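**Student:**
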Amino acid sequence: MKMKNKEKIEELIKKYPVNPYELLYKDICRNQIEVKNVECYKTLEQLEKLLLPTKLLSDKIIYKYLFLPFEDEGKSLKFIPLSLIRFYNSEEYAIAFPLGFNMRVRKGEDSISRDVFNLINLLYSFAELRLKDPIPISESDISKKFIRGRVKLKYVEKPVITKKEAKAILEKYRENRKRKLSSDSISLREYLKVVGLVYDALGFLEISKASIEEIIEKRRRYGDFRDCNLLDLPLDDVNAFEKWRKENVCGSHPFEIVAGYLYGGIYLFPPSHGRFMIYTSFPNEEIYKIICRLIKEKIPFTTNLKEILEVLSGEVFVNVNEPTPFPPRFIFYEDVKRKDKIVWDEFKEVRYKGKSSLKY
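For reference, each letter of the sequence shown is one residue, going 6 to 365 in our numbering.
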């Protein structure tokens, strides 16, 4: 960016200083600010007059993307891409950030914070400057802390296994999938024997020396406490186990043999279609050990192995700066070791009246 252009922007930032870190993160649970102030509303009306719509919907007009300049923690000039939205029926504007935070602005007489006043006026003033002077903004000028990206997990944390190991265990799993139980009807003792193998794989007990009572004790210790009387059933009564399964009102809790509390528990479900099912929402070295052990013991089972191996080998893509549902992670830009491997969302600048759009 040319020095002259940079100086113009820095003058605006000094006039309307904005700290987006404080504005967005001082209340981490808050995703929206409500503003009822006629001056702010009129400023956004003036801003809208400079822009051409990006998208027309039945209830709103969307203008994206505008750029908000600010000085980052390293004193460098950076930009955040924002969307301006006008709702037809409610006389309301919204300023939307890429990561979900938004500011809703209506007419009113409420007093407002200096941060809100500065943000709205800086957004308008910079758009006005953009209309008069086509200052180039490169991809490197956009702050990576306020936009979404995706990256392979191996560039964030060390993989648990190699791609070669993943391929080998997948082949063994496919071979093991050929095995099936003759019936889905089993006793509590038969179920607990498989639980014992899992605990042995995790180092909780030594299966060759463990009694069924010890396995039950470990299940009470390490598993979800909501077993709903499963562990009190007769050990060798198949009918009692089947009756309990049909009448179970506790969902998956009795089968959470390693409690994960918020997430990450390990579940062992009784046979269905001739196979046990092992599941976790948080794949790690533990589930890998369990899978290897069940295959070694030729236990018929099923699991979401491809997804698990993608996570363990680090080949799965995870979100940057926003939560990833599976595997559950919240990865910030700073957490990524190979930042050059991040695939960022693209931002096509809003069209100003009389100007063409630019892509960044």
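Glycine residues also receive a C-beta, built at the ideal position from the N, C-alpha and C atoms.
No experiment lies behind these values; they were computed from the predicted model shown.
1. DSSP has VAL325 in a bridge; who is on the other side?
2. What residues in its chain sit with their C-beta under 7 Å from that of ILE166, if we drop five residues either side in the sequence?
3. Could you name each continuous beta strand (DSSP E) segment of 3 residues or more that falls completely within the stretch 207 to 252, going from the start of the chain to the end?
4. Inspect the beta-carbon positions of ARG334 and VAL348 and report whether they are closer than 8 Å.
5. Throw me the rounded Cβ distance for the LEU82 and LYS11 pair, which I believe falls under 8 Å.
6. Within a Cβ cutoff of 8 Å, which residues of the same chain sit near ILE271, ignoring the five residues on either side of it in sequence?
7. With 16 other CB atoms within 10 Å as the buried threshold, where does LYS177 fall?
8. When the Cα atoms are used, what is the spatial distance from CYS45 to PHE122?
9. Near GLU302, which residues of its chain fall below 8 Å by C-beta distance, leaving aside the five closest residues on each side in sequence?
10. For LYS223, count neighbouring Cβ atoms within 10 angstroms of its own Cβ and tell me buried if that reaches 16, exposed if not.
11. Could you give the first and the last residue of the continuous alpha helix (DSSP H) run that contains VAL23?
12. Quick check on VAL121: does DSSP put it in helix, strand or coil?
13. Have a look at the DSSP bridge pairing and note the partners of THR307.
14. What separation, rounded to the nearest whole angstrom, lies between the Cα atoms of ASP237 and VAL325?
15. Rounded to the nearest angstrom, what separates ILE33 and PHE102 at their Cα positions?
16. Taking Cβ to Cβ, would you say VAL23 is nearer than 8 Å to LEU127?
17. Taking ARG182 as part of the alpha helix (DSSP H), name the residues at either end of that continuous run.
18. For ARG91, which residues of its own chain have a beta-carbon under 7 Å away from its beta-carbon, when the five flanking residues on both sides are left out?
19. Checking the sheet assignment: what are the DSSP bridge partners for ARG356?
20. What does the alpha-carbon distance come out to for the pair ASN253 and CYS233?
**Tutor:** In terms of the structure at hand:
1. The residue labelled residue 325 in the question sits at position 320 within the sequence shown. GLY154.
2. Here residue 166 refers to the residue found at position 161 when the sequence shown is read from its first residue. Same-chain partners within the cutoff: TYR293, LEU317, SER318.
3. none
4. Here residue 334 refers to the residue found at position 329 of the sequence shown. Here residue 348 refers to the residue found at position 343 of the sequence shown. Contact flag unset, no.
5. Translated into positions along the sequence shown, residue 82 becomes position 77. Translated into positions along the sequence shown, residue 11 becomes position 6. About 6 Å; that satisfies the 8 Å criterion.
6. Here residue 271 refers to the residue found at position 266 of the sequence shown. The residues are VAL203, GLU261, ILE262, VAL263, GLY265, ILE283, TYR284, THR285, GLU291, ILE292, ILE295.
7. On the sequence shown, position 172 is the one that residue 177 refers to. Label assigned to LYS177: exposed.
8. Within the sequence shown, numbered from 1, the residue matching residue 45 stands at position 40. Within the sequence shown, numbered from 1, the residue matching residue 122 stands at position 117. Their Cα atoms are separated by approximately 7 Å.
9. The sequence position of residue 302 within the sequence shown is 297, counting from 1. Contacts found: LEU202.
10. Looking up residue 223 in the sequence shown gives position 218. LYS223 is buried by the Cβ-count criterion.
11. Taking the first residue of the sequence shown as 1, we reach residue 23 at position 18. Neither: VAL23 is in no alpha helix (DSSP H) and is coded neither H nor E.
12. Position 116 of the sequence shown, counted from the start, is the residue given in the question as residue 121. The answer is helix: DSSP assigns VAL121 an H, G or I state.
13. Your numbering for residue 307 matches position 302 in the sequence shown. According to DSSP, which records beta bridges pairwise, THR307 is partnered with MET282.
14. Counted from its first residue, the sequence shown places residue 237 at position 232. Counted from its first residue, the sequence shown places residue 325 at position 320. Spanning the two alpha carbons is a distance of roughly 46 Å.
15. Looking up residue 33 in the sequence shown gives position 28. Looking up residue 102 in the sequence shown gives position 97. With a pLDDT of 48 at ILE33, under the threshold of 50, the modelled position of this residue cannot be trusted; read the value that follows with caution. Roughly 14 Å separates the two Cα atoms.
16. Here residue 23 corresponds to residue number 18 of the sequence shown, with the count starting at 1. Here residue 127 corresponds to residue number 122 of the sequence shown, with the count starting at 1. Yes. Within cutoff.
17. If you number the sequence shown from 1, residue 182 lands on position 177. No alpha helix (DSSP H) holds ARG182; DSSP gives it neither H nor E.
18. Start at 1 with the first residue of the sequence shown, and residue 91 comes out as number 86. Same-chain partners within the cutoff: GLU53, LYS65, ILE66, TYR98.
19. To locate residue 356, count along the sequence shown from 1; it is residue 351. Note: ARG356 sits in a beta bridge opposite LEU57.
20. Here residue 253 is taken as the residue at index 248 of the sequence shown, counted from 1. Here residue 233 is taken as the residue at index 228 of the sequence shown, counted from 1. So the alpha carbons of these two residues sit roughly 8 Å apart.
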